[in-house]
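Q:
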Amino acid sequence: MNRNEAIWYYRLGGQTLGPVSWNEIEDIIRGGIDAEDLLVARGGDAAWSPAADVLAEHPDLQESGAGEFEIEPEPAEETLSDESWQLLDEEPSEAASEVLNEAAAVRHSGRAVSRGPVASTGADAGAGGMPRVHGLGPWIGQAWTMVSGNLLAFALGVLLAGVVGILSIGILAPPLGVGIYVMALKAFRGEPISPGTVFEGLQYFLPAWGVALLIGLAGFVLTAPLSIPALILAEQGGDEAMVAMLQMISNVWGQIVGLVISGAMFYALVLLADRGLGTMDAIKGSWEATKPQLASYIGMAFVLQLIGGAGMIACCVGLLITAPMVPCAEVAAYMYHFRNV
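Note that this note's numbering has the sequence shown beginning at 4, numbered continuously upward.
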């Protein structure tokens, strides 16, 4: 079997993507997706199969001499038994039907084939888009290229999002925030953008609010055990030294919780903007992508927050430049890991 033929389709973030070569499948797995969880198929296959099972069945797909992508094969009767698979009650999506001839199946523990929107295919590097690169430094570099090349559009877009968000008493703030990601996605693909592009985020009003509320709720639940006692003690006129210590511990813990959530939800808003996923699908998709390398994503979130916060200088005018750097860098990382340009 030729590993360079673009004959493979795969399931990621609730979408069917492809065709790609097996080299591309390996790159996705190296990017943090478990080979046991990544479902793949060729046109006409009877069912989706985990990439690990395909590689065990076709060892010729293994890159010669490669040692960083070795899969421990599982017994065929265990992985392909009737108990391991179930046919979907609903019809598969149009893309899945094309791949599997309407015989789509998923593991009980795997991802379901849904009727979600077909993943966008944006421009590749050769068609005006940016190339896919790996690493925080290159992603920040691409973010700067995107922002500096569309400086007026991004600056006015961020300004519009902020002003309209305030005038709407925060009601439009989350979807307009997603609108900045829409701008970043278009900038990455070499498509024209304008300040008004930010309003395209309004079509994601409900899922944007859903993500914002769930993230806020998670932060509250995780920080309340420390922040609430500090507030109660301060209200009751407790010992000042004790209040100060509790407040300091609460603030530090709040920062840690915020970074962990930011790392885990690194791709949530990009998935909303690019694939139109619902709240839970976007959150789940981001978590599945970041979980294997969560510490790295927490570190990236920290660095990007420093870059975004640097705009506080010059009477906060710098925010118009540094604020869009964060979503642009996240989009660059997303384009590398999700392989959908």
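C-beta: ideal position from N, C-alpha, C; glycine also.
Just curious, the beta strand (DSSP E) that Y13 is in, first and last residue?
A: Run containing Y13: 11–15, per the beta strand (DSSP E) assignment.
Q: Looking only at C-alpha atoms, which of G173, L20, T282 sits nearest to A271?
A: Ranking G173, L20, T282 by Cα distance to A271 puts T282 first.
Q: With a cut-off of 8 Å, do at least 3 Cβ pairs link the stretch 169–181 to the stretch 194–208?
A: At 8 Å Cβ cutoff, the stretches touch.
Q: How long is the line joining the alpha carbons of Y300 and Q65, rounded to whole angstroms?
A: Those two C-alpha atoms are separated by around 28 Å.
Q: Using the C-alpha atoms, what's the distance from L20 back to I31?
A: Using only the alpha carbons, I get a separation of about 12 Å.
Q: Does the stretch 184–199 come close enough to the stretch 253–271 that 3 or more CB-CB pairs lie under 8 Å?
A: With a cut-off of 8 Å, the stretch 184–199 and the stretch 253–271 do not count as touching, because too few Cβ pairs lie within range.
Q: A326 by DSSP, collapsed to three states: which one?
A: Three-state result, A326: coil.
Q: I'd like to check one pair, L262 with V161: are the Cβ atoms closer than 8 Å?
A: No, these two residues do not count as a Cβ contact at 8 Å.
Q: Does the Cβ-Cβ distance between V260 and T226 come in under 8 Å?
A: Their beta carbons are under 8 Å apart, which means V260 touches T226 by this criterion.
Q: Give me the residue from W25, P228, P295, G182 with the minimum Cα distance to P327.
A: Comparing Cα-Cα distances from P327 to each of W25, P228, P295, G182, the minimum goes to G182.
Q: Cβ atoms of A313 and V185: under 8 Å apart, would you say?
A: Cβ atoms of V185 and A313: not closer than 8 Å.
Q: How far does the beta strand (DSSP E) with A44 in it extend, from its first residue to its last?
A: Element bounds for A44: 42–45.
Q: Find the nearest neighbour of G47 within the set W11, A285, G219, judged by alpha-carbon distance.
A: The shortest C-alpha separation from G47 is found at W11.
Q: Tell whether a beta-carbon distance below 8 Å holds between M303 and L139.
A: Yes, the pair counts as a contact, with Cβ atoms nearer than the cut-off.
Q: My assumption, with CB atoms under 8 Å, is that V214 sits in contact with I286. Please give the rounded CB distance.
A: Indeed, because the Cβ distance is near 6 Å, the residues count as touching under 8 Å.
Q: Let me know if P228 comes out buried or exposed under the rule of 16 or more other beta-carbons within 10 Å of its beta-carbon.
A: Burial call: exposed.
Q: I think R135 touches M338, with their Cβ atoms under 8 Å apart; what is that distance to the nearest whole Å?
A: R135 to M338, Cβ: 5 Å. Contact.
Q: Would DSSP call S52 helix, strand or coil?
A: Here S52 sits in strand by DSSP.
Q: So for V136, helix, strand or coil by DSSP?
A: Here V136 sits in coil by DSSP.
Q: Between L220 and A267, how many whole angstroms is the CB-CB distance? I'm expecting something under 8 Å.
A: Not really, about 14 Å apart at Cβ, beyond 8 Å.
Q: Between the alpha carbons of S253 and S265, how many angstroms are there, rounded?
A: Each residue's Cα considered, the two are about 18 Å apart.
Q: What are the start and end residues of the alpha helix (DSSP H) that includes G35?
A: Segment: none, G35 is in no alpha helix (DSSP H) and carries neither H nor E.
Q: Go ahead and pull the three-state DSSP assignment for G321.
A: Coil, per DSSP.
Q: Of the residues A164, F191, V23, which one's Cα is nearest the Cα of A335?
A: Considering only alpha carbons, the answer is F191.
Q: So A156 and P330 are in contact, right, with Cβ under 8 Å, and what is the actual spacing, rounded?
A: In fact, because the Cβ distance is near 13 Å, the residues do not count as touching under 8 Å.
Q: Go ahead and pull the three-state DSSP assignment for P3.
A: The shown model of the chain, from 4 to 344, leaves out residue 3, and the question about it has no answer.
Q: Given G222, which residues of its chain have a CB within under 7 Å of its CB, disregarding the five upstream and five downstream residues?
A: So the list reads V260, G261, I264, once near-sequence residues are dropped.
Q: Within the same chain, show all residues whose beta-carbon is closer than 6 Å to that of F305, passing over the 5 residues directly before and after it, in chain order.
A: These residues qualify, in order along the chain: L262.
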